[in-house]
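Here the structure comes first, spelled out in structure tokens, and everything after it is commentary.
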Amino acid sequence: MIWGCSFVVNKMALQFVSPLLFNAVRLTLATVVLVVFYRRNLAQLTVPAFRAGAVVGFFLFLGYELQTTGLQLTTPSKSAFLTGISAVLVPVVLLVFWKTHIRPWRAAGIAAALAGLFLMAIPPGSRGIADFAHVNAGDLLTIGGAFAFAFQIVFLGRAAQRFPFEQMAVLQIGVAAVLMLPSAPLLEHPHLQPTPTLGMAILFTGIFSTAIAFSVQAWAQQFTPATHAALIFTLEPVFAWLASFVLFRERLGMRGGAGALLILAGVLVSELLGNVSLPDDKPPESGPSGASR
6 MIWGCSFVVN KMALQFVSPL LFNAVRLTLA TVVLVVFYRR NLAQLTVPAF
56 RAGAVVGFFL FLGYELQTTG LQLTTPSKSA FLTGISAVLV PVVLLVFWKT
106 HIRPWRAAGI AAALAGLFLM AIPPGSRGIA DFAHVNAGDL LTIGGAFAFA
156 FQIVFLGRAA QRFPFEQMAV LQIGVAAVLM LPSAPLLEHP HLQPTPTLGM
206 AILFTGIFST AIAFSVQAWA QQFTPATHAA LIFTLEPVFA WLASFVLFRE
256 RLGMRGGAGA LLILAGVLVS ELLGNVSLPD DKPPESGPSG ASR
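Residue numbers for the sequence shown follow my numbering, so the first one is 6 and each next one is one higher.
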């Protein structure tokens, strides 16, 4: 629910601040809060734990950068539903990099979610069902963010079973914050207009949707496989759409609504009827380990 509502809060905040600077400020706030609460756990930090947390943090940084930048160019509910495909991308990541088998129901769910993704992201053409020349750049950035979040879920699931969740919570957010601080002046023209709305948005996203929410995720993934954790995230776009409808009266339209339902149905089918186990602690022989979240 917190993450779902944060899409609307972020959209409101972006009226007064550039996206990368907003990410840097809220993640820095979250890092400070977590360091204060978990400082005793950090005293026992090991090099392997730091490496694992850094990998998770890298993909968290990448996901937030793409998602928040894309949110400037699309609507909160579309951003949430497109981000929601990260749940069905988790088993795809496990298949590609860990050679984990995908069961038929999970494959069907992935296909349904991808069909929904097509309907939401690709506008209809005058002579066909798609107009690829007018795809919203914000939607493409958001889809890229969904891929990054899928890797974040997988790598956090591996790390949370080996290291204290308190360390993983601090490290993933801290590393993401460190990467975001230099990215703002390099990749955008930073600007910030101090307003009460922006202040409340920074406090809400920094404390609730980042510090608290990611701490809970790191704790829960000690006991919950990555694919099961992804199921919980299916509620995120639902809350985002409800919040966006209440505040902005946003409507998805027939095509967008059908796409949203397909994404939600695909994720539910994939996670409720499919069954993919976590990879073991052995790192993949190729792929994202080279980025070593």
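We put the beta carbon where it would ideally sit given N, CA and C, even for glycine. Please read these numbers as outputs of a predicted model, since none were measured by experiment.
Check: Beta carbon proximity, V13 to chain C, threshold 8 Å; Outcome: This model lacks chain C altogether; it includes just one protein chain.
Check: Separation of W110 from W103, as counted between CA atoms; Outcome: 19 Å
Check: Three-way DSSP call (helix, strand, coil) for L50 in this model; Outcome: coil
Check: Identity of the residue in G150, L191 and A206 nearest F63 by Cα; Outcome: G150
Check: Cβ neighbours of P242 in the same chain (closer than 6 Å, five flanking residues each side left out); Outcome: A85, F86 and G89
Check: Per-residue burial, Q157 [other beta carbons within 10 Å of its own, 16 or more giving buried]; Outcome: buried
Check: Spatial distance of L257 from L269 (CA atoms); Outcome: 14 Å
Check: Supposed contact pair L99 and V38 - C-beta distance, whole angstroms, cut 8 Å; Outcome: Not really, about 32 Å apart at Cβ, beyond 8 Å.
Check: Where F27 falls, given that 16 or more other Cβ within 10 Å makes a residue buried; Outcome: buried
Check: Straight-line Cα distance separating Q172 from A223; Outcome: 9 Å
Check: Cross-strand partners of L197 (DSSP beta bridge); Outcome: V22
Check: Where D144 falls, given that 16 or more other Cβ within 10 Å makes a residue buried; Outcome: buried
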